[in-house]
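Here is the structure we will look at.
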Amino acid sequence: MSQFHHVLNVDQLPAGKTRAVTLEGLSILVCNSGGEFFAVENRCTHQGAELEGGRLRNNMIACPEHGVLFDVRSGCGKGPLGRVPLRTFALQVVDGRIEVSLEPALEASPG
Ligand code: FES
């Protein structure tokens, strides 16, 4: 069973913003994409740059180093430099508290 940890409060992360938190030694980027919250590993799969500070737009985070785009919902990257997806983490919002688990996020199943 996945265990969730309180990492931030909703009012600490406005829409369009990201913030890195550390959970069990792992740097995780919490993202507010248009009012929806997602968590991905704060480490680009291209050459390991931190993603914090990258621009978040249309659910895509741009790596500050070489600009590869990753979808914060699925972790999938774009283009040849982004072929290795980011790890994603399950996230829930409970009473204004953002909670993250080290379990992978469940992708919405089609249909
Ligand atoms: S290290 Fe992120 S795009 Fe190169």
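Position one of the sequence shown corresponds to residue -6 (the numbering used here), numbered consecutively onward. Backbone N, C-alpha and C fix where the C-beta goes; we use that ideal spot for every residue, glycine too.
Does the beta-carbon of residue i, which I'm using as the reference point, lie nearer than 8 angstroms to any heavy atom of the ligand FES?
i     : result
Leu74 : yes
Glu58 : yes
Val33 : no
Cys37 : yes
Gly9  : no
Return the bridge partner residues of residue i from the DSSP annotation.
i      : result
Ala13  : Leu22
Leu121 : Outside the shown range of the chain (-6 to 104) lies residue 121, about which nothing can therefore be said.
Please classify residue i: is it buried, with 16 or more other beta-carbons within 10 angstroms of its beta-carbon, or exposed?
i       : result
Ser(-5) : exposed
Asp88   : exposed
Arg36   : buried
Thr15   : exposed
Val130  : Coverage of the chain is limited to positions -6 through 104, which leaves residue 130 absent and any answer about it impossible.
Ser102  : Model confidence at Ser102 stands at a pLDDT of 48, short of 50, so the residue's coordinates are unreliable; what they give is reported in the following sentence. Exposed, by the Cβ-count rule.
Go ahead and pull the three-state DSSP assignment for residue i.
i       : result
Ser102  : Confidence at Ser102 is low in this model, with a pLDDT of 48, below 50, so the placement of that residue should be treated as unreliable; the coordinate-derived value is given next. If DSSP states are grouped into helix, strand and coil, Ser102 belongs with coil.
Ala8    : coil
Ser(-5) : coil
Exercise for review: Jot down the residue ranges of each uninterrupted beta strand (DSSP E) in the stretch 15 to 99, minimum 3 residues, whole runs only, in chain order.
Suggested key: 19 to 26, 29 to 34, 53 to 55, 62 to 64, 84 to 87 and 90 to 94
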